[in-house]
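The structure appears right after this line, and notes come after that.
Numbering (the numbering used here), first residue to last: 6 to 115.
The structure is reproduced here in structure tokens:
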């Protein structure tokens, strides 16, 4: 067996470490790295999914604001700005502003 202190072979330490491994050691999975990478992937997936969910909810709020009449154009503008506040704006709109406007019917002008 080769050792790192063996001066006969005059090999670099990383080659000596590689030669001391059994053939199956070269194919073993380092589970500490494996699970760390998996945790990073799960965390990334969670936050990307959360971002997509808030994006969809914000789009729904903006479309709902566009379809409603709030009495004045300024109120519609204010609710649109509130809905665009990241993460909490759409929630504020759906809690407080969703019932304030009236839906504009398509056939109201007939």
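We put the beta carbon where it would ideally sit given N, CA and C, even for glycine.
{"Query": "Delimiting residues of the alpha helix (DSSP H) encompassing residue 82", "Result": "78-88"}
{"Query": "DSSP state of residue 18 mapped onto helix, strand, coil", "Result": "helix"}
{"Query": "Assigned exposure category for residue 93 - 16 Cβ within 10 Å defines buried", "Result": "exposed"}
{"Query": "Under 8 Å between C-beta atoms of residue 96 and residue 84", "Result": "no"}
{"Query": "Residue 107 and residue 73 closer than 8 Å at C-beta", "Result": "yes"}
{"Query": "Cα-Cα separation between residue 60 and residue 51, rounded to whole angstroms", "Result": "14 Å"}
{"Query": "Endpoints, the alpha helix (DSSP H) within which residue 97 is located", "Result": "94-97"}
{"Query": "Reduced DSSP category for residue 105 - H, G, I as helix; E, B as strand; rest coil", "Result": "coil"}
{"Query": "Counterpart residues of residue 73 in DSSP-defined beta bridges", "Result": "108"}
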